[in-house]
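Below is one structure, written out as structure tokens; comments come after it.
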Amino acid sequence: MKDFLKLSATELAAQLRAGELTSVELTTACLDYIDSVNPRMNAFLYVNREAALAEAAAVDADRESGVELPPYAGVPVAIKDNMCDRGVPTTCGSKMLEGWLPPYSATVVNRLRAARLPIVGHTNMDEFAMGSSTEFSAFGPTKNPWGKDLIPGGSGGGSAAAVAAYLVPWALGSDTGGSIRQPGAMTGTVGAKPTYGAVSRYGVVAMASSLDQVGPVTRTVLDAAALQEIIGGHDPLDSTSLPEALTGLADAAQDGATAQDLAGLRIGVVTEMSSEGFEPGVLSAFQEVVERLRARGAEIKEISCPSFSYAISAYYLIMPAEASSNLARFDGVRYGNRVEPTTGPVTAETMMSATRGTMFGSEVKRRIILGTYALSAGNFDAFYGSALRVRTLVQRDLDAAFEQVDVLVSPTTPGTAFKFGEKTDDLISMYLNDLTTTPANLAGVPAMSVPAGLADGLPVGFQVIAPAYGDAQMYRVGAAVAAVADPVECPENWEENL
Numbered sequence: 032m033k034d035f036l037k038l039s040a041t042e043l044a045a046q047l048r049a050g051e052l053t054s055v056e057l058t059t060a061c062l063d064y065i066d067s068v069n070p071r072m073n074a075f076l077y078v079n080r081e082a083a084l085a086e087a088a089a090v091d092a093d094r095e096s097g098v099e100l101p102p103y104a105g106v107p108v109a110i111k112d113n114m115c116d117r118g119v120p121t122t123c124g125s126k127m128l129e130g131w132l133p134p135y136s137a138t139v140v141n142r143l144r145a146a147r148l149p150i151v152g153h154t155n156m157d158e159f160a161m162g163s164s165t166e167f168s169a170f171g172p173t174k175n176p177w178g179k180d181l182i183p184g185g186s187g188g189g190s191a192a193a194v195a196a197y198l199v200p201w202a203l204g205s206d207t208g209g210s211i212r213q214p215g216a217m218t219g220t221v222g223a224k225p226t227y228g229a230v231s232r233y234g235v236v237a238m239a240s241s242l243d244q245v246g247p248v249t250r251t252v253l254d255a256a257a258l259q260e261i262i263g264g265h266d267p268l269d270s271t272s273l274p275e276a277l278t279g280l281a282d283a284a285q286d287g288a289t290a291q292d293l294a295g296l297r298i299g300v301v302t303e304m305s306s307e308g309f310e311p312g313v314l315s316a317f318q319e320v321v322e323r324l325r326a327r328g329a330e331i332k333e334i335s336c337p338s339f340s341y342a343i344s345a346y347y348l349i350m351p352a353e354a355s356s357n358l359a360r361f362d363g364v365r366y367g368n369r370v371e372p373t374t375g376p377v378t379a380e381t382m383m384s385a386t387r388g389t390m391f392g393s394e395v396k397r398r399i400i401l402g403t404y405a406l407s408a409g410n411f412d413a414f415y416g417s418a419l420r421v422r423t424l425v426q427r428d429l430d431a432a433f434e435q436v437d438v439l440v441s442p443t444t445p446g447t448a449f450k451f452g453e454k455t456d457d458l459i460s461m462y463l464n465d466l467t468t469t470p471a472n473l474a475g476v477p478a479m480s481v482p483a484g485l486a487d488g489l490p491v492g493f494q495v496i497a498p499a500y501g502d503a504q505m506y507r508v509g510a511a512v513a514a515v516a517d518p519v520e521c522p523e524n525w526e527e528n529l
């Protein structure tokens, strides 16, 4: 591995602008490193070497000719495999879409290209983003660079593992209930979920449309802020897109990173998300960072959000209900691969049954069944309707909290990375990994995970939640957290442990 691969995207961009490094050199190093470790790691489902190198060469030629380029031009990036990329295999980690070539690109992909970032490939994920460990990918799990027996989190474990292991300086993920932040905590990376609507969802294969949000996966808070600025902004193709772009994110991150005096910053510690049910080491690391923030002058206040106790239950009714509706299109007729029944009459019904029964994995089937049941006659009000009322309570609790404090904080996850297979037979335990992350999705507010040291030798995530449209505040506080927390870097010998 080339030493410069450990640099942040911001540092790499500076070297490219100064002529100390070319985009072809940088992109080739990323691709070669991916080629050397991905067969054992499985972070990437598809590597687009030819297109990435072509864009890198074009950036170098334009820079040499004096063409004015975007600030991060030439820095390679990876995208989660649920983002349409015209003519490039996009599978959502599912056999249902194996071999599918999208006829158009997602808005976020087009914005990466407009920023002149070579896209090196698509990263592994739980099938249709349903999972918390990347164990439910139809193409095999991704290994966490912190241990070959450890999950990297999910659903976006591929992006988080690739960034943590220096395969690529930054990547995109999608977050429906924590699928950027939870892998960030498990791998020691920065993962941010922007305000709902701040980043276009057009061309991103939907799981739960009212919850899904694209966001950055990086190694520094500044890189995350910069990447959100690249992909964010209004999109007329997305009816939920905010009318104006959220600006000043990178400047806010720089301010937070250099602030020595945090006087005037009001931080609320959510009592429902920092007590029982959390591993002692996670709580200890979290509390240590809180005390360091207090020592720099921040005002720390305990805040109770009673509805958060019910948020995970509400999420696991709303999300499957929306997923069952969104995935109805994958029937072998409108979208997806087709399987013909081998026995009995061949009808549209039997073909659809054979297709969905064969092509969908167990977790996708489970959530479709749960969601369909919650929406069925006689159950709608009792289940889905009740979940929507809890969602409103979560929003109200957050509104009340933000009248008292500037941001809320909690551990990102109750525990550190667990072993493969440890929770696949105990799905309630698996789902509870989303305990602290789901409230932000239900309310549509921005939230991010920042590495906060180690517990028993594994990374711990520190979650920062800000009010809607307060993404700049989130990045400012996130950078302050990173400045006081113990540094977290991928183990030097991680390749030997694959």
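Note that my numbering has the sequence shown beginning at 32, numbered continuously upward.
A virtual CB, placed ideally from N, CA and C, is assigned to each residue, including glycine.
Remember, predicted model here, so these are calculated numbers, not experimental data.
Between residue i and residue j, how many whole angstroms is the CB-CB distance? I'm expecting something under 8 angstroms.
i: Leu273; j: Ala510; result: Not confirmed; about 23 angstroms, so no contact.
i: Thr173; j: Ala192; result: 5 angstroms
i: Thr467; j: Gln494; result: 6 angstroms
i: Pro247; j: Gln259; result: 5 angstroms
i: Ala418; j: Ala471; result: Wrong, their Cβ atoms sit about 16 angstroms apart, outside the cutoff.
i: Val508; j: Gly287; result: 6 angstroms
Nearest by alpha-carbon distance to residue i: which of the options is it?
i: Phe451; options: Ser164, Gly484, Val370 and Glu310; result: Ser164
i: Ala448; options: Gly312, Arg325 and Leu419; result: Gly312
i: Ala92; options: Ser54, Met217, Tyr77 and Tyr366; result: Ser54
i: Leu489; options: Lys33, Thr220 and Glu166; result: Thr220
i: Leu229; options: Met350, Ala237, Gln46 and Asp243; result: Residue 229 is actually Ala in this sequence, not Leu. Closest by alpha carbon: Asp243.
i: Gly308; options: Gly124, Met114, Ser460 and Val508; result: Ser460
i: Asp116; options: Ala88, Arg369 and Thr154; result: Thr154
i: Glu394; options: Arg369, Ser355 and Glu275; result: Ser355
i: Val236; options: Met161, Asp292 and Thr289; result: Met161
i: Ser480; options: Met72, Glu51 and Gln213; result: Gln213
i: Pro225; options: Phe75, Ser136, Leu473 and Tyr197; result: Leu473
i: Val491; options: Ala169, Ala281, Gly295 and Val320; result: Val320
i: Leu197; options: Gly501, Tyr347 and Leu57; result: In the sequence as displayed, the identity of residue 197 is Tyr instead of Leu. Tyr197 has its Cα closest to that of Leu57, out of Gly501, Tyr347 and Leu57.
i: Lys396; options: Leu419, Asp412 and Leu358; result: Leu358
i: Gly328; options: Leu293, Asp362 and Ser241; result: Leu293
i: Arg422; options: Arg369, Tyr462, Ala478 and Pro337; result: Pro337
i: Pro442; options: Ala379, Asn410, Ala486 and Lys454; result: Ala486
i: Gly22; options: Glu51, Gly222, Ser241 and Leu277; result: Residue 22 lies beyond the stretch modelled for the chain, which goes from 32 to 529, so this question has no answer here.
At a threshold of 6 angstroms, does residue i count as lining the ligand PLP (C-beta to nearest heavy atom)?
i: Thr249; result: The ligand PLP is absent from the structure shown, which contains no ligands of any kind.
List the endpoints of the continuous beta strand (DSSP E) containing residue i.
i: Gly492; result: Leu489 to Ile496
i: Val421; result: Val421 -> not in any beta strand (DSSP E); alpha helix (DSSP H) instead, spanning Ser417 to Ala432.
i: Met479; result: Ala478 to Ala486
i: Gly204; result: Ala202 to Ser205
i: Thr444; result: It is not in any beta strand (DSSP E) - Thr444 carries neither H nor E in the DSSP assignment.
i: Ala223; result: Val221 to Lys224
Leaving out five residues on either side along the sequence, give the residues of the same chain with a beta carbon under 6 angstroms from the beta carbon of residue i.
i: Ala284; result: Val252, Leu253, Ala256, Tyr506 and Ala510
i: Leu132; result: Gly118
i: Met32; result: Tyr64
i: Glu330; result: Arg297
i: Pro351; result: Arg398, Leu401 and Gly402
i: Gly503; result: Going by the sequence as given, residue 503 is Ala instead of Gly. Excluding positions up to five away in sequence, the list reads Gly279, Leu280 and Ala283.
i: Cys61; result: Pro107, Val151 and Val199
Ignore the nearest five residues each way along the sequence and tell me which others in residue i's own chain have a CB closer than 7 angstroms to its CB.
i: Leu439; result: Gly299, Val301, Ile334, Ala432 and Ile496
i: Ala169; result: Gly124, Ser125, Lys126, Glu158 and Gly392
i: Pro372; result: Thr381, Met382 and Ala385
i: Pro498; result: Phe433 and Val476
i: Tyr233; result: Ala137, Thr138, Asp266, Leu268 and Asp269
For the alpha helix (DSSP H) containing residue i, name the first residue and the last one.
i: Arg369; result: It is not in any alpha helix (DSSP H) - Arg369 carries neither H nor E in the DSSP assignment.
i: Lys396; result: Ser393 to Leu406
i: Leu43; result: Ala40 to Ala49
i: Pro470; result: Thr469 to Ala474
i: Pro214; result: Arg212 to Thr218
i: Ala516; result: That residue, Ala516, is in no alpha helix (DSSP H); it is neither H nor E in DSSP.
i: Leu458; result: Leu458 to Tyr462
i: Thr249; result: Note, Thr249: premise wrong, no alpha helix (DSSP H); beta strand (DSSP E) at Val245 to Thr249.
i: Ser384; result: Ala379 to Met390
With a CB to CB cut of under 8 angstroms and the five nearest residues on each side skipped, what residues in its chain are close to residue i?
i: Leu143; result: Val108, Ile110, Ile150, Leu203, Ile261 and Ile262
i: Ala146; result: Pro101, Tyr103, Ala104 and Ile261
i: Gly446; result: Phe309, Glu310, Val313 and Asn464
Tell me, please, whether the CB atom of residue i is closer than 7 angstroms to any CB atom in chain B?
i: Gln318; result: Among the chains in the structure shown there is no chain B, since it carries only a single protein chain.
Quick check for students: name the residue ranges of the beta strand (DSSP E) that lie wholly in the stretch 145 to 193, counting only runs of 3 or more. Correct list: 150 to 154.
Quick check on the DSSP output: what are the complete beta strand (DSSP E) runs of length 3 or more inside the stretch 52 to 122, in order along the chain? You should have 75 to 78 and 108 to 111.
Report the residue ranges of all beta strand (DSSP E) runs contained in full by the stretch 320 to 377; include only those spanning at least 3 residues, in chain order. 330 to 334
Any chance you could list the alpha helix (DSSP H) runs of at least 4 consecutive residues sitting entirely within the stretch 251 to 315, in chain order? 252 to 262 and 280 to 289
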